[in-house]
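Participant:
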Amino acid sequence: MDIRHDWTREAIADIYHAPVLELIYRAATVHRQYHDPQEVQVCTLLSVKTGGCPEDCAYCPQAARYHTDVQARKLMPTHEVLAAARQARQSGSTRFCMGAAWREVRDNRDFDRVLDMVRGVNDLGLEVCCTLGMLTAEQAEKLRDAGLYAYNHNLDTSPEHYDQIITTRTYDDRLQTLENVRQARLSVCSGGIIGMGESVTDRIGLLHTLATLPEHPESVPVNALVPVEGTPLEDQARVSVWEMVRMIATARILMPKAMVRLSAGRVRMNTEEQALCFLAGANSIFAGDKLLTTPNPAPDRDQELFQTLNIRPRKAFQNENPRVKFEQIPQ
Ligand code: SAM
Ligand code: DTB
Ligand code: SF4
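First residue of the sequence shown: 35, per the numbering used here; consecutive thereafter.
1) In terms of residues, what are the limits of the beta strand (DSSP E) holding residue 320?
2) Find the nearest neighbour of residue 110 within the set 299, 228, 183, 150, judged by alpha-carbon distance.
3) For residue 200, which of helix, strand or coil comes out of DSSP?
4) DSSP three-state label for residue 161, please.
5) For the ligand FAD, any of its heavy atoms closer than 7 Å to the Cβ of residue 260?
6) What number of angstroms, rounded off, separates the C-alpha of residue 330 from the C-alpha of residue 247?
7) Helix, strand or coil for residue 303, going by three-state DSSP, please let me know.
8) What is the DSSP secondary structure of residue 296, counted as helix, strand or coil?
9) Tell me which residues share the same chain as residue 44 and place their Cβ nearer than 6 Å to its Cβ, disregarding the 5 neighbours each side in the sequence.
10) Taking 7 Å as the cut-off, does the CB of residue 322 come closer than this to any heavy atom belonging to the ligand SF4?
11) CA-CA distance, residue 296 and residue 142?
12) If you scan the segment 209 to 262 from start to end, which runs of the alpha helix (DSSP H) of 4 or more residues do you find wholly inside it?
13) Checking 8 Å against the spacing of the C-beta atoms, do residue 230 and residue 199 come in under that value?
14) Please confirm whether any heavy atom of the ligand DTB lies closer than 7 Å to the CB of residue 133.
15) Is there at least one non-hydrogen atom of the ligand SF4 closer than 7 Å to the beta-carbon of residue 283?
16) Buried or exposed: which applies to residue 318, given that a residue is buried once 16 or more other Cβ atoms fall within 10 Å of its Cβ?
17) Applying the criterion that 16 or more other CB atoms from any shown protein chain within 10 Å of the CB defines a buried residue, is residue 108 buried or exposed?
18) Roughly how many angstroms lie between the CA atoms of residue 181 and residue 53, to the nearest whole one?
19) Reducing DSSP to helix, strand and coil, say where residue 79 ends up.
20) When the Cβ atoms of the segment 253 to 263 are set against those of the segment 90 to 104, are three or more pairs found closer than 8 Å?
21) Output needed for residue 239: all residues of its chain with C-beta closer than 8 Å, excluding positions within five of it in sequence on either side, in chain order.
22) Alpha carbons only, please: which of 126, 145, 204, 313 is nearest the one belonging to residue 70?
23) In terms of alpha-carbon separation, which member of 213, 304, 137 lies closest to residue 340?
24) Taking buried to mean at least 16 other C-beta atoms within 10 Å of its own C-beta, is residue 83 buried or exposed?
25) Residue 286 and residue 275 - do their beta-carbons sit closer together than 8 Å?
26) Quick one: is the Cβ of residue 96 within less than 7 Å of any heavy atom of the ligand DTB?
27) Ordered along the chain, which non-local residues of its own chain (more than five positions away) have a Cβ less than 8 Å from that of residue 228?
28) My output table needs one value for residue 150: the three-state DSSP class, helix, strand or coil.
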């Protein structure tokens, strides 16, 4: 099957609304054509700069304007970050993602320190990823030169629903950052969140935006909202596993080569539910008992999950190097 970039919303809706077992079967078939279904990428997240963020993302416990239990902290010292990265590698992670509660990257001393962190984590042989908010093409290039492998920047929801969730920046700002990241030949990680009160049409709209980008993101995180007390979305109802499955399966069919990441929300899913998500084409997870600020399944629970489902953690840098790919195939 060819990789398509011309998906219509109607075609995506037809896939999304297929009978769920048929949808899983189709997604599992695509998954097997492009990936080893026994292999799951294990990534670790670390919040290197927590809380105090000026943005108003309605889901986020790190926005300064909401009163949550998250305490704002300064940028972590590099040696502590590298100790956490070593620990992550020790426990089988091959990708290490550093998050900062920033609206955007600024050219200041903190950014220079993040560049040092990137160099250090890259030296450990881990795929380094950052999620630092908006950034310019020049900043993306600096990160790449320091050894960054991937940049995470989520579109979160559909263009229509965006201003219900965030008002302090626009969807176009988000798309511009993704373009800047691409221009620097970094691997792109971009996905969204379900369970924020969006309609199914919004979910289809998000998938449509991702699947019609000039190049599909190499990695697509699908998050279930973790409702946090003090945020405007604190009382949102939990999404059912079938909604996660439909989202993951549709993403897998639309973007066959991407790593589809079963991200936030695993803490409320049992083994059987997570197995359905892997069957539907998810092939990456975040490990470690914390995401950025909220809980994630304990390492021994994940070890059991991997044993029960006979899943193997994937090695680092197994994808073709996105930089090489970019150079070989002129755009
Ligand atoms: N400040 C940067 C930004 O917004 O791009 C990077 C960090 S931000 C916390 C990274 C992503 O985490 C968000 O884009 C959102 O998709 C996800 N996220 C944040 N809070 C969440 C929650 N409560 N539940 C699920 N996903 C969440
Ligand atoms: C993504 O899509 N999910 C991760 C990662 N990318 C940065 C973040 C989830 C955060 C969940 C809320 C928290 O722990 O603060
Ligand atoms: Fe800030 Fe990112 Fe949270 Fe939005 S999602 S409030 S930008 S840390």
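Heads up, the beta-carbon is just placed ideally off N, CA and C, and yes, glycines get one too.
Facilitator: Put simply:
1) 318 to 321 is the span of the beta strand (DSSP E), which, as asked, contains residue 320.
2) Taking only the C-alpha atoms, the option nearest residue 110 is 150.
3) coil
4) strand
5) Here the bound small molecules are the ligand SAM, the ligand DTB and the ligand SF4; the ligand FAD is not part of this structure.
6) 30 Å
7) coil
8) strand
9) Shown here for residue 44: not one same chain residue has a beta carbon closer than 6 Å to its own, the five before and five after excluded.
10) no
11) 34 Å
12) 234 to 245
13) yes
14) Yes - the ligand DTB has a heavy atom lying nearer than 7 Å to the Cβ of residue 133.
15) no
16) buried
17) exposed
18) 44 Å
19) Looking at residue 79 - three-state DSSP - the assignment turns out to be strand.
20) yes
21) Excluding residues up to 5 positions away in sequence, 43, 191, 192, 193, 194, 195 lie with their Cβ nearer than 8 Å to the Cβ of residue 239 in the same chain.
22) 313
23) Selected option, being the one with the closest Cα: 304.
24) Within 10 angstroms of the beta-carbon of residue 83 lie 16 or more other beta-carbons, which makes it buried.
25) no
26) yes
27) For residue 228, where only same-chain residues beyond five positions count, the Cβ hits under 8 Å are 237, 256, 257, 258, 259, 273, 277, 278, 281.
28) Residue state, collapsed to three classes: helix.
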